[in-house]
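Asker: Just passing along the structure, written as structure tokens.
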Amino acid sequence: MRYCWLFIGLISSCVFAEQPKPQRQQELLNMLKHDCGSCHGLPPKGGLGPSLMPDALADKSDALLIDAIQNGRAGTAMPPWKNFLNIDETNWLIQRLRQN
Ligand code: HEC
């Protein structure tokens, strides 16, 4: 029985590994508002930076967007965020942006 729980624990930690914890999700959403919003707008319809609304992202791959957020875009105002966001968090933010 004990092994059974262990097994369930292992599976669930694999399945949910990519989801930031609820408190971290809140921090990420705040960051989206305050940090990203200053350039991309709130809602992020575009400003100094381009729109990050679902229709604007629809034809862009996750890989392209993750790269833009992690590494920034050299020669533009888009700064790199890799010191603040890991890949899972970046990916989670992109999926959020794709949804609303
Ligand atoms: C100082 C202004 C600024 C801030 C702050 C900023 N961005 Fe940007 N961002 C830009 C600009 C300008 C571009 C366009 C770069 C280019 O011309 O390729 C951009 C591009 C992007 C792209 C690529 C969009 C595309 O269509 O290729 C994504 C995704 C993005 N930003 C997400 C974010 C997120 C998420 C944050 C907050 C964590 C953020 N940005 C914060 C200015 C900013």
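If you read the sequence shown in UniProt numbering, its first letter stands for residue 1, the second for the next number, and so on. Where is the CB? At the ideal position from N, CA and C, for every residue including glycine. Computed from a predicted structure; not experimentally measured.
#1: Mind checking LEU48: buried by the 16 CB within 10 Å criterion, or exposed?
#2: Does DSSP put ASP59 in a helix, in a strand, or in coil?
#3: To the nearest angstrom, report how far apart LEU42 and LYS33 are at their CA atoms.
#4: At the level of alpha carbons, what is the spacing between PRO80 and ASP35?
#5: Please state the DSSP three-state secondary structure of ALA68.
Answerer: With the given structure in hand:
#1: The residue labelled residue 48 in the question sits at position 48 within the sequence shown. Counting Cβ neighbours within 10 Å, LEU48 comes out exposed, since fewer than 16 surround it.
#2: For the purposes of this step, residue 59 is taken as residue 59 along the sequence shown, with counting starting at 1. Of the three classes helix, strand and coil, the one that applies to ASP59 here is coil, per DSSP.
#3: Here residue 42 refers to the residue found at position 42 of the sequence shown. Here residue 33 refers to the residue found at position 33 of the sequence shown. The alpha-carbon atoms of LEU42 and LYS33 are separated by roughly 7 Å.
#4: As a working mapping, residue 80 is identified with position 80 in the sequence shown. As a working mapping, residue 35 is identified with position 35 in the sequence shown. Those two C-alpha atoms are separated by around 12 Å.
#5: Translated into positions along the sequence shown, residue 68 becomes position 68. Of the three classes helix, strand and coil, the one that applies to ALA68 here is helix, per DSSP.
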